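What follows is a set of notes on a single structure, which appears directly below.
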Amino acid sequence: MTARNEIREKIAIATKMLLAERMIGPFGHCSARVPDTDLFAILGHKDDHVKDASEISSDDVVLINEEGIVVEGDLDVPGERHIHLEIYKKRPDVQAVVHAHPFGCVAFSIVGRSPKPIWHLCTVFAEGIPIFDSSIQIDTPELGQKVSEVLGAHKAVLLKGHGVAVVGESIEDATVSAVSLERSAQLEITASALGDVREIPTSELTEDLVSLGLTKDEFVSAQWDYWSFRIQEHHKG
């Protein structure tokens, strides 16, 4: 399998994961750099071809250049491609981006604060998550630049009343991190109804360890493999 096809397959799997977690619907998308090229792979515009999650495949992923023009694939590029493109321009370390609209994260953005590191699956966001203070659609390079500036060197940025953009060292990392962030947001909302929310102490946070002694890479790999298996088994039925 070529690098391009592998990236396309992974984006199709990531999309199914995000759909299963109700983080995206008709809108929302993930992307990744295509190795050894100046191209990016991104899910094609779903509005034009509404599908059940089981039908999404690598054929629904298009390749675009740095200007956001489709160079390979039959679908249109998403209007908010500029979130992805401008982040890639500003952050050479970023290999993948997830843009989603999960209720928990959106709820936090509306009240102007980000989820706290309250459980082990969200410690990668311990340095904080900035908020882009506008709910406008990010459909121009200029707006994409503003989002990337607010993101800075962080792992994610909340978009007020809109959604979230999460970055990663790989499509697996970005997707698993996005799911973990939304689960943490929902957990904090639930916990806050019971009493004061207590953050994980700084002394217990480490850069590499996530949970149960796993390194970040091991955790991402385990989560990705688990979800890939679940998706394959679900669609067999």
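Numbered according to the working numbering, the sequence shown spans residues 1292 to 1528.
Note that the Cβ used here is the ideal one computed from N, Cα and C, for glycine as well.
Keep in mind it's a predicted model, so treat the numbers as computed, not measured.
Quick test of your reading: residue i and residue j, contact by CB under 8 angstroms. State the CB separation rounded to the nearest angstrom.
i, j, result
"W1515", "V1467", "6 angstroms"
"A1447", "L1472", "6 angstroms"
"E1479", "P1406", "5 angstroms"
"G1435", "L1376", "6 angstroms"
"A1391", "M1308", "Not confirmed; about 11 angstroms, so no contact."
"N1356", "L1330", "6 angstroms"
Mind checking residue i: buried by the 16 CB within 10 Å criterion, or exposed?
i, result
"E1440", "exposed"
"P1369", "buried"
"A1484", "exposed"
"S1426", "exposed"
"T1414", "buried"
"A1303", "buried"
"V1294", "In the sequence as presented, Val is not what sits at residue 1294; that position holds Ala. Flag for A1294 reads exposed."
"D1464", "buried"
"T1481", "exposed"
"G1419", "exposed"
"P1408", "buried"
Could you please give the first and the last residue of the uninterrupted alpha helix (DSSP H) stretch that includes residue i?
i, result
"W1494", "Per the sequence shown, residue 1494 should be read as Ser rather than Trp. Where S1494 is concerned, there is no enclosing alpha helix (DSSP H), given that its DSSP letter is neither H nor E."
"S1476", "Going by the sequence as given, residue 1476 is Ala instead of Ser. A1476 -> alpha helix (DSSP H) spans 1462 to 1483."
"V1397", "1394 to 1402"
"H1375", "1372 to 1381"
"A1294", "1294 to 1311"
Would you identify the three-state DSSP class for residue i, choosing helix, strand or coil?
i, result
"F1423", "strand"
"S1322", "strand"
"H1336", "coil"
"H1445", "coil"
"H1281", "Because the chain spans 1292 through 1528 in this model, residue 1281 falls outside it and cannot be assessed."
"G1530", "With the chain running from 1292 to 1528 in the structure shown, residue 1530 is simply not present."
"A1387", "strand"
"I1429", "coil"
"Y1517", "helix"
Measure the C-alpha to C-alpha separation of residue i and residue j and round it to an integer number of angstroms.
i, j, result
"K1451", "T1493", "27 angstroms"
"T1431", "G1486", "42 angstroms"
"E1509", "E1363", "33 angstroms"
"V1402", "V1458", "23 angstroms"
"R1521", "R1372", "29 angstroms"
"D1350", "L1334", "9 angstroms"
"Q1477", "A1469", "13 angstroms"
"K1437", "R1404", "19 angstroms"
"E1442", "T1506", "Per the sequence shown, residue 1442 should be read as Leu rather than Glu. In a straight line, the C-alpha of L1442 is about 24 angstroms away from that of T1506."
"V1385", "D1327", "14 angstroms"
"P1393", "E1358", "28 angstroms"
"G1454", "E1346", "25 angstroms"
Which residues bound the beta strand (DSSP E) around residue i?
i, result
"L1330", "That residue, L1330, is in no beta strand (DSSP E); it is neither H nor E in DSSP."
"G1454", "1454 to 1459"
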